[in-house]
Amino acid sequence: DDRNTDFQIPFMALDNGIGTRNVIFRGNTATTGDYVVEEVLLEKERWVRRLYFLQNPNVIQSEVYMKTNSVTRMNKDEETQVLEVDPFTLAFDYHKQIVAGYILLAGAGAGAGAGAG
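Here the sequence shown stands for residues 112 to 228, where the numbers follow this note's numbering.
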């Protein structure tokens with residue numbers, strides 16, 4: 112075989128999502144097929160948790176930023192670092208519009224209920 116296989120293939124990525132990856136769950140459903148939940152180290156100590164379906168692995172279905180939290184176990188003097196969902200950081204700009212829509216719907220529902228009686 113005389114083919115030259117010593118070359119690099121360029122690719123594009125959103126952010127620096129090619130770093131350390133830890134698969135934390137693999138599953139399968141009848142409607143979506145196989146899926147993976149992974150935690151990816153973007154930079155320094157910044158982790159994200161991602162869900163993607165293996166039938167379309169180049170599209171991230173869901174992404175959430177994680178934060179490190181120190182936990183002290185009962186009856187032990189040592190602290191353990193755990194990753195938790197950061198509820199105050201939105202992963203994508205379009206999430207702002209989704210949250211705003213929920214707030215508007217919640218306000219409309221509250222206003223309709225207040226006048227009834």
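For every residue, glycine included, the Cβ atom is placed at its ideal position computed from N, Cα and C. Note that the coordinates shown come from a computational prediction; the quantities given were computed from them, not determined experimentally.
- Annotated three-state conformation of I135 is strand, per DSSP.
- N180: member of the beta strand (DSSP E) spanning S173 to T183, first to last residue.
- The straight-line gap separating the alpha-carbon atoms of R160 and G218 is approximately 31 Å.
- Bridge partners of F164 according to DSSP: Y146.
- In the three-state reduction of the DSSP assignment, L201 falls in the coil class, being assigned neither a helical nor a strand state.
- Taking the C-beta atoms as reference points, R132 is found no nearer than 7 Å to E156.
- If you check the CB distance, A202 and V175 come in under 7 Å.
- Rounded to the nearest whole angstrom, the C-alpha separation of K178 and V151 is 12 Å.
- Where E190 is concerned, the enclosing beta strand (DSSP E) starts and stops at E190 to V196.
- Approximately 4 Å separates the beta-carbon atoms of S173 and L162; this is inside 8 Å, confirming the contact.
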